[in-house]
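Here is the structure we will look at, set down as structure tokens.
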Amino acid sequence: MPSLNETSARIRAAHLLVRSTEEWDSLSEDLLRSYDLNDNDKIEMLCESFVAAWRSVVRNLLTDTLNAIDITVTPAVRPWGIATLETAGRSCEPLLCSPEELPAFHKTTVHGRPRLLSFEEVMAGYNTCLASLLR
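Heads up, the final residue of the sequence shown is numbered 289 in this note's numbering, and it's a clean run with no missing numbers.
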């Protein structure tokens, strides 16, 4: 069975196969700019595509990797969640914003906008999530 470090490396590689770190962070910045401009139409469009981009990597590239270590992947429950990961009755959800900001898309804001995590912060969240499942 792959170790936590190997699985984390595979998760990171899958996301970087789709976009570079800079591109992932640029998606966040574009969405945040829309919040700053109060452009609700653009917020809705970018929010959907932003979340879908992260979720598609898990669905299309990582499900087999995670299933191989007995982690089941199901759709995210939270609006800013990437996927629900579960094993042995425990579950967690890697997130795109700070956990304390999760009630709903437009309510997950700090000064009118979400506190979206950087690519590196999302990867750290994945690691925390995996560590909680694999202990």
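Note that beta-carbon positions come from the ideal geometry of N, C-alpha and C, so glycine has one too.
In whole angstroms, give me the CA-to-CA distance for residue i and residue j.
i, j, result
"L170", "G243", "30 Å"
"A285", "C246", "10 Å"
"N192", "S157", "44 Å"
Start and end of the beta strand (DSSP E) containing residue i?
i, result
"V227", "T226 to T228"
"L271", "Unbroken run through L271: none, as it is neither H nor E."
Identify which residue in the options has its Cα closest to the Cα of residue i.
i, options, result
"E202", "L185, D193, L239 and P229", "L185"
"I236", "P253, N192 and I223", "P253"
"T175", "M277, C283, R289 and L239", "M277"
"P268", "P229, A163, T238 and R187", "R187"
"L211", "E160, L271 and R164", "Inspection of the sequence shows that residue 211 is occupied by Val rather than by Leu. For the residues E160, L271 and R164, the minimum Cα distance to V211 belongs to R164."
"P233", "E198, E274, L181 and A167", "E198"
"L287", "E274, S272 and V227", "V227"
How is the alpha helix (DSSP H) around residue i delimited, first residue to last?
i, result
"S245", "Here S245 belongs to no alpha helix (DSSP H); instead the beta strand (DSSP E) covers R244 to C246."
"L181", "T175 to D190"
"W208", "N194 to V211"
Which partner residues does residue i have in the DSSP bridge list?
i, result
"T241", "R244"
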